[in-house]
Every structure is written in C-alpha cells, then in structure tokens.
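So the structure is just underneath, and the comments pick up after that.
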Amino acid sequence: MLVLEKNAMTDEIESFVDKFGNDRSSLLPILQEIQKKHKHIPDYAQQEIARLLDIHPVEVYSVISFYSFLNTKPKGRNIVRLCQTITCDLAGKKSVANAIERELGIKFGETTKDNKFTLEYVNCLGMCDQGPALLINERVYPKVNPEKAVQILNEVK
Ligand code: FES
4 MLVLEKNAMT
14 DEIESFVDKF
24 GNDRSSLLPI
34 LQEIQKKHKH
44 IPDYAQQEIA
54 RLLDIHPVEV
64 YSVISFYSFL
74 NTKPKGRNIV
84 RLCQTITCDL
94 AGKKSVANAI
104 ERELGIKFGE
114 TTKDNKFTLE
124 YVNCLGMCDQ
134 GPALLINERV
144 YPKVNPEKAV
154 QILNEVK
C-alpha cells in the first residue's frame, strides 16, 4: 500500500508538541518556534497546530492576531511602522504615509516584492508630543515629514 509522505510542517509541529506538550499552554511556544523558523505562521501550520493540540483553529488564529510578533504572512526585512493615533494623525500622518507609499511603490499592509520593506500602521508609540512618529525595526523617528521619511527610507535601503 502506498503510504503518503507526511508533510514536513506536520513533522515539525509534532516535534514541538513532543517538546512542549499537547495542552493549551503549549500554543504560544509552538507558535513562536514556527514564527522564528519560517518568519510567519502559514495557514497549514495553524490547522495542524489546532489539530494536534485539539483546539479550534480560530483559537490559534486569535492568538496570532493578538501578538504583534506573530504573523500569518511573511514580512520584509525592515518593518516600517507609522503611528496612526489621533495626535500623529493631526500632525500630518497622512502626507507622511503617502510619501512612504510613493517611495516604496506599495500600500500600508503590504510588503515590497524584494522583501525589503513591510509597511504597517500602529497605535501610539508614546511620542505624541513629537509626531508624526515612525518606527523602523527598533528605532523611533520623531517629527517626521514627507521629505524626512523618504530620506530615512533611503538610509535604510
Ligand atoms: S499618537 Fe502617535 S505617538 Fe502617540
């Protein structure tokens, strides 16, 4: 009888279940391991984690959505986050966003084809008196205007 080869992702998740156990508390460590290795958690992995931990896939998805360090799609090497909260919004967030989108040729929520940049909106970065605030990877850039945003991107490029 032909035995179909098991998916490599399933093997990997099974090894994490062996390592962390098969109860709910293993969900986050397993997700972190998958994220670390694959830079995102694909749909198939979510289904398999749910099956092996005997929980609903919606539960897996809601944990991924809750934590910003977990994501369902691969992201670029540089994550550009622009604050969308009211103070930065009033300080000119929109024109900064437009300049960034023009410069990279993508919209917020997207990743460049070369995987160099992902654009995301975030909530307050705690720099409200110095908005619009931009966070690129770990570094915060205060008082950004469209020209400064393009210049910063070119430095990162
Ligand atoms: S509102 Fe943008 S940093 Fe606080």
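Per my numbering, the sequence shown starts with residue 4, numbered consecutively. Heads up, the beta-carbon is just placed ideally off N, CA and C, and yes, glycines get one too.
Exercise for the section: Return the chain-ordered ranges of every alpha helix (DSSP H) run that is complete within the region 77 to 119 and spans a minimum of 4 residues. Expected result: 89 to 93 and 96 to 107
Practice task
Check whether the Cβ of Gly24 lies closer than 7 Å to any heavy atom of the ligand FES, and answer yes or no.
Solution key: For the purposes of this step, residue 24 is taken as residue 21 along the sequence shown, with counting starting at 1. Every heavy atom of the ligand FES is 7 Å or more from the Cβ of Gly24, so no.
Exercise for the section: Could you say if the region 112 to 124 and the region 63 to 70 meet the contact criterion of at least three C-beta pairs nearer than 8 Å? Expected result: no
Practice task
State yes or no: is the beta carbon of Thr88 nearer than 8 Å to at least one beta carbon in chain B?
Solution key: Given the protein chain composition of this structure (a single chain), no chain B is represented.
Exercise for the section: Run the proximity test for Gly129: is its beta-carbon closer than 7 Å to any non-hydrogen atom belonging to the ligand FES? Expected result: On the sequence shown, position 126 is the one that residue 129 refers to. Indeed, a heavy atom of the ligand FES lies less than 7 Å from the Cβ.
Practice task
Give a single yes or no on whether Gly134 has its beta carbon closer than 7 Å to a heavy atom of the ligand FES.
Solution key: Locating residue 134 in the sequence shown gives position 131, counting from the first residue. Within the cutoff, so yes.
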